[in-house]
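Peer 1:
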Amino acid sequence: MRNRQSGISLLGLIFGGVVLIFAALLGMKVTPSYIEYFNAKKAIHGIVNEGREASVADLRKSFDARATIDDITSIRGADIEVSKEGGLVVLSFAYRREIRLFSNVALCIDFAASTSGQ
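Counted from 1, the sequence shown has number 440 at position 86 by the numbering used here; the numbering is strictly sequential.
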């Protein structure tokens, strides 16, 4: 009876390593954009949950202050849309982030959030 070896070949190991490295690099480049998005989303929800009556300019200034603290650079207070739905203030934003992966390859992600329907 012959003993057959089982396991991964050198070519399989190299291919698996390349895939793993590519996934890790993609994660390292994309994660900061998502963290910034979630911080911006948290900021607009925090502003609305303060519950104070404020002008549109005050709401935008409040966002700018939170953006400075949370290192949000993709959007500014001027980019925040302010509206009212049923007597409640609704803040929303939308923006596109292009992430260079390598050479001429980029990943484009559209982010949008609103305080409507909390």
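Glycine included, C-beta positions come from ideal geometry on N, C-alpha and C.
1. Evaluate the contact criterion for the segment 431-451 versus the segment 363-383: three or more CB pairs, one atom per stretch, below 8 Å.
2. Is there contact here, the segment 410-421 with the segment 372-382, by at least three beta-carbon pairs under 8 Å?
3. Below 8 Å CB to CB, which residues in the same chain sit around leucine 455 once its five sequence neighbours on both sides are set aside?
4. Given a threshold of 16 other Cβ atoms within 10 Å of its Cβ, counted over all protein chains shown, does glutamate 390 qualify as buried or as exposed?
5. Do alanine 397 and isoleucine 362 count as a contact pair if the criterion is CB distance below 8 Å?
6. For the beta strand (DSSP E) containing glutamate 435, list its first residue and its last residue.
7. Ignore the nearest five residues each way along the sequence and tell me which others in valine 410's own chain have a CB closer than 7 Å to its CB.
Peer 2: So, from the listed chains and residues:
1. Cβ pair count under 8 Å is below three, so no.
2. The segment 410-421, when compared against the segment 372-382, does not touch it at the 8 Å Cβ threshold.
3. If you number the sequence shown from 1, residue 455 lands on position 101. Here the set comprises Leu379, Leu380, Lys383, Leu461.
4. As a working note, residue 390 is residue 36 in the sequence shown. Buried, since its Cβ has 16 or more Cβ neighbours within 10 Å.
5. As a position in the sequence shown, residue 362 is number 8, starting the count at 1. As a position in the sequence shown, residue 397 is number 43, starting the count at 1. Contact: no.
6. Residue numbering aside, residue 435 sits at position 81 when the sequence shown is read from its first letter. Counting along the chain, glutamate 435 sits inside the beta strand (DSSP E) bounded by residues 435-439.
7. By one-based count along the sequence shown, residue 410 stands at place 56. The residues are Val436.
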